[in-house]
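These notes are about the structure you will find just below.
Protein chains in written order, with our numbering: chain Z, 259 to 363; chain V, 9 to 323.
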């Protein structure tokens with residue numbers, strides 16, 4: 259049982275780390291702001307979810323894991339909205355967005 | 009009746025109240041600063057082409073050389089500094105060594121007697137708000153002074169020429185944070201939670217990690233989120249410049265009054281008169297809880313004030 263738990267937790271952590279790595283690469287390598295915002299949002303949502311899920315499995319269901327779950331809920335509420343606001347500002351202020359079609363309302 | 013009113017307008021109290029309210033500028037007409045008359049015709053439009061060639065490294069050889077020199081010298085400086093720091097690390101005592109200067113009687117005293125003397129389960133809070141309360145008082149005052157300095161630099165007066173030049177509606181409009189449905193819906197859920205969490209962190213400062221500074225920062229962040237979602241006219245119903253003044257000045261003066269006794273008695277650890285209570289209970293550890301609340305209010309007000317001043321130059 260412990261081995262199964264360990265493997266599940268470890269693979270969750272590794273997947274989360276991979277998402278964080280992708281996010282870091284994206285933020286540093288992409289040329290356009292909208293792409294960078296997208297990459298950053300990936301790390302904040304999926305990376306955080308898998309990392310915290312791994313920790314919750316590792317820890318078992320206790321008060322600490324409830325707190326970790328609260329962290330995940332908070333980030334899933336806040337981070338996409340932050341990305342949305344950044345993207346909105348970018349679309350409103352950037353004159354040359356490249357080859358994207360923007361529905362300006 | 010009219011004579012009475014005239015008397016009042018000449019009285020010291022009236023002038024003082026006008027001065028406090030900011031209606032009168034006592035320096036007006038007495039200082040040798042004259043606003044220069046604008047000469048619109050004489051201003052010459054800058055030659056953009058010339059400016060571009062001056063600041064383009066591919067055309068300006070001197071700038072190119074300077075850039076190269078700058079990069080090389082900054083790299084050299086950083087490497088030198090790294091070398092000095094690494095060299096200095098060789099002289100540091102080993103980690104955990106008993107002879108290290110950090111391991112003196114003070115730390116042991118805090119750990120052994122801290123709970124008994126301060127009543128705070130959280131040693132850090134016991135330290136910063138009891139043994140080293142002056143230090144924390146100085147930090148809160150630094151926050152207050154920083155807000156005042158930002159206010160001096162950034163505050164936009166109601167009748168300033170910058171505002172007069174624009175139409176009032178346009179000026180108000182540019183201050184209004186973008187009205188976004190997504191942000192508004194999410195912040196209706198998040199803002200109360202953030203406030204409650206911040207208040208929890210402040211009130212449990214002596215029991216669990218946290219305290220005035222972190223809790224105040226959380227409450228301030230909640231206020232900023234609220235402003236961003238709903239605009240300044242909503243927050244100005246309960247938080248204006250007057251509120252800021254009252255809250256910060258009241259908190260800081262309460263802190264000062266509560267802690268001056270030990271200053272005037274030689275900074276000894278004196279009993280406060282408030283019973284320490286049972287360690288672990290919410291109403292325990294004497295003065296630490298009210299001081300935590302004071303610090304939290306000052307920090308929250310400072311965060312919001314900074315945001316409001318940078319955003320629109322006033323509350």
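Note that CB positions come from ideal geometry on N, CA and C, so glycine has one too.
Taking the CA atoms as reference points, residue 115 of chain V sits about 17 Å from residue 127 of chain V.
Against chain V, a Cβ distance below 7 Å from residue 342 of chain Z picks out 190. Contact annotation for residue 335 of chain Z against chain V: 194, 197 and 198 [CB-CB distance below 7 Å, chain order].
A Cβ-Cβ distance of about 5 Å is found for the pair residue 213 of chain V and residue 133 of chain V, placing them in contact under the 8 Å criterion. No Cβ of chain V is located within less than 8 Å of the beta carbon of residue 330 of chain Z.
At a cut-off of 8 Å between beta-carbon atoms, residue 346 of chain Z makes contact with chain V. Put simply, the CB of residue 339 of chain Z is near chain V, with a gap under 8 Å to one of its CB atoms. A contact between stretches requires three or more CB pairs, one per stretch, nearer than 8 Å, and the segment 195 to 206 of chain V meets this requirement with the segment 218 to 230 of chain V. In terms of Cβ geometry, residue 320 of chain V and residue 240 of chain V form a close pair [threshold 8 Å]. Bounds of the alpha helix (DSSP H) holding residue 260 of chain Z are 260 to 287.
In the three-state reduction of the DSSP assignment, residue 244 of chain V falls in the coil class.
Rounded to whole angstroms, residue 190 of chain V and residue 339 of chain Z show a C-alpha spacing of 7 Å.
As the crow flies, the alpha-carbon of residue 257 of chain V is around 28 Å from that of residue 238 of chain V. The three-state reading of DSSP puts residue 68 of chain V in coil, since its state is none of H, G, I, E or B.
Using a C-beta cut-off of 8 Å, the segment 299 to 311 of chain Z makes contact with the segment 330 to 347 of chain Z, since at least three inter-stretch Cβ pairs fall below that distance. Taking C-alpha positions only, residue 141 of chain V is separated from residue 299 of chain V by approximately 9 Å. In terms of Cα proximity to residue 147 of chain V, the closest of V:312, V:164, V:304 and V:314 is V:304. Within 10 angstroms of the beta-carbon of residue 33 of chain V lie fewer than 16 other beta-carbons, which makes it exposed.
With distances taken between CA atoms, residue 266 of chain Z lies nearest to Z:314 out of Z:314, Z:295 and Z:346. Residue 312 of chain Z is classed as buried because its beta carbon has at least 16 other beta carbons within 10 Å across all chains shown. For residue 55 of chain V, the number of other beta carbons within 10 angstroms of its own is below 16, and it is reported as exposed. Less than 8 Å separates the beta-carbon of residue 195 of chain V from that of residue 234 of chain V. The three-state secondary structure of residue 289 of chain V, taken from DSSP, is coil.
Boundaries of the alpha helix (DSSP H) harbouring residue 222 of chain V: 220 to 238, taken from the DSSP string.
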